[in-house]
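Q: Residue numbers (the numbering used here), protein chains in the order written: chain A, 534 to 820; chain B, 1184 to 1207.
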Amino acid sequence: RERFRKVARAGCLVLLIAAGCAVLWGVLELRKHQRRDAADRTLNGEGVISPSWRVSGDCRPRTTAERSRDEAVADLLHHFDHQRVNPGLGYKEQYFAWRWRIAGSSGSCSPSPEHYRRLAGVLVPLGWPKLPTDRSDLELTRRLPPSPALARNLAELAFASHPLPFGPLEYDNRPFARIMLAEQGRFARPWGRRALTEIAPDTKLGTSAATLAAATVPQQAAPRIAAALTAMTQEADRRRKRIEGLKGGPHIVYQLRDGERLFELADALATAGPAAEPHAEPLGQTF
Amino acid sequence: TYLCAAADRIGGRAAVAASRASFC
């Protein structure tokens, strides 16, 4: 009887340890899953980035009051140190980065190009934009005159080895920096080859690399972007067949994230210009 | 609209496919 009691006790202990291990494993798996979700939200959670041609449009000339306000904000240049991050610099960036034309024809035009030239003259030699904490500085680069130095500064951010989180949801800023680098035109060419190797259909980093490659090495980029589009449509087709096999009838086969990657790839293909035409078949299939 | 605008920018067959799509 004593022996039976010992065996039972040992058995209970083993069961208890096994149950403890199972609970621990479950908790660790759950935390791993949560970490993976959070990382995915940081890297791919942001909506589609609007390219410049979608942001700008008709505008009305600036009024005298608005021009005088522009002068006043531009004067902050003389009162704040540009070597360090400070509220004066941050406010000025936000002011001049504002999407003046977002309201369409009723919106005011941007401040005078002269203000942007002066800003570029001060900020770009300082290595700006550096580690952005919000979008204003990257939004502002869209309005400054393109230059080799600005392209170099943007490339530092666009190809950083780690995510550059901004905003309360901590979205990664690198894809936006890649789009801004693409808008530097010929000055972005030194990063074209690298972008070409990073084209991917399923991540925001991959689709923004596609835009950069299309803007810099369009002949090589267009077939690769078309291949990425084909990979997406084929995957959607497989999913459709699988769902139809189970339930029958037509189903939505693109999940929201896939749809956004699809828009980004389509826009990247269009960025390649005339080089995109012979490779546009996958886009036609998407329709 | 992203897809339609991209197809219009590319032109050719892509633009034709877009013109046939009900959502463009």
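Yeah, the Cβ is synthetic: ideal placement off N, Cα and C, and Gly gets one too.
According to the neighbour-count rule (16 or more other Cβ atoms, all chains shown, within 10 Å of its Cβ), is residue 817 of chain A buried or exposed?
A: buried
Q: Bridge partners for residue 704 of chain A per DSSP, in chain order?
A: A/699
Q: Determine, using beta carbons only, whether residue 732 of chain A and residue 712 of chain A come nearer to each other than 8 angstroms.
A: The answer is no: Cβ separation not under 8 angstroms.
Q: Within 8 angstroms, do at least three Cβ pairs link the region 674-693 of chain A to the region 647-663 of chain A?
A: yes
Q: For residue 641 of chain A, list the residues DSSP reports as bridge partners.
A: A/593
Q: Rounded to a whole number of angstroms, what is the C-alpha to C-alpha distance between residue 703 of chain A and residue 575 of chain A?
A: In this structure, the CA atom of residue 703 of chain A is about 6 angstroms from the CA atom of residue 575 of chain A.
Q: Report yes if the C-beta distance between residue 644 of chain A and residue 603 of chain A is below 8 angstroms; otherwise report no.
A: Contact check for residue 644 of chain A against residue 603 of chain A passes: the beta carbons are separated by less than 8 angstroms.
Q: Against residue 800 of chain A, what residues of chain B qualify as contacts under a CB-to-CB distance less than 7 angstroms, listed in chain order?
A: Going along chain B in sequence order, the residues near residue 800 of chain A (Cβ under 7 angstroms) are 1185, 1189.
Q: Would you mind telling me which residues of chain B sit closer than 8 angstroms to residue 581 of chain A, beta carbon to beta carbon, in chain order?
A: 1185, listed in chain order.
Q: Could you tell me whether the Cβ of residue 647 of chain A comes closer than 8 angstroms to any Cβ of chain B?
A: no
Q: Identify which residue in A/564, A/591, A/544, A/628 has its Cα closest to the Cα of residue 606 of chain A.
A: A/628
Q: With three or more beta-carbon pairs closer than 8 angstroms as the criterion, would you say the region 1185-1192 of chain B touches the region 755-772 of chain A?
A: no
Q: Relative to the C-alpha of residue 598 of chain A, which residue among A/743, A/727, A/663, A/641 is closest?
A: A/641
Q: Starting from the beta carbon of residue 817 of chain A, find every residue of chain B whose beta carbon is closer than 7 angstroms, and list them in chain order.
A: 1196, 1197, 1200
Q: Nearest to residue 721 of chain A by alpha carbon, out of A/698, A/706, A/683, A/752?
A: A/683
Q: Using a cut-off of 7 angstroms between C-beta atoms, extract the partners of residue 803 of chain A located in chain B.
A: 1189, 1192, 1193
Q: Under a Cβ-count criterion, where at least 16 other Cβ atoms within 10 Å of its own Cβ denotes burial, should residue 1202 of chain B be classed as buried or exposed?
A: exposed
Q: From the DSSP output, in three-state form, read off residue 811 of chain A for me.
A: The answer is helix: DSSP assigns residue 811 of chain A an H, G or I state.
Q: Which residue wins for smallest C-alpha separation from residue 727 of chain A, given the options A/565, A/691, A/579, A/790?
A: Of the listed residues, the one whose Cα sits closest to residue 727 of chain A is A/691.
Q: To the nearest angstrom, how far is it from the Cα of residue 600 of chain A to the Cα of residue 611 of chain A?
A: 18 angstroms
Q: Quick one: Cα of residue 736 of chain A to Cα of residue 710 of chain A, how far?
A: Distance between the alpha carbons of residue 736 of chain A and residue 710 of chain A: 15 angstroms.
Q: State the DSSP-derived secondary structure class of residue 598 of chain A, mapped to helix, strand or coil.
A: helix
Q: Is it buried or exposed for residue 537 of chain A, if we count other Cβ within 10 angstroms and need 16 for buried?
A: exposed
Q: Chain B partners of residue 720 of chain A, CB-CB under 7 angstroms?
A: Those do not exist, as residue 720 of chain A stays about 22 angstroms from chain B at its closest Cβ, beyond 7 angstroms.
Q: Thinking C-beta only, is residue 764 of chain A closer than 8 angstroms to residue 754 of chain A?
A: Going by C-beta atoms, residue 754 of chain A is not nearer than 8 angstroms to residue 764 of chain A.
Q: Residue 657 of chain A and residue 686 of chain A - do their beta-carbons sit closer together than 8 angstroms?
A: yes
Q: How big is the Cα-Cα spacing for residue 593 of chain A and residue 631 of chain A?
A: 15 angstroms
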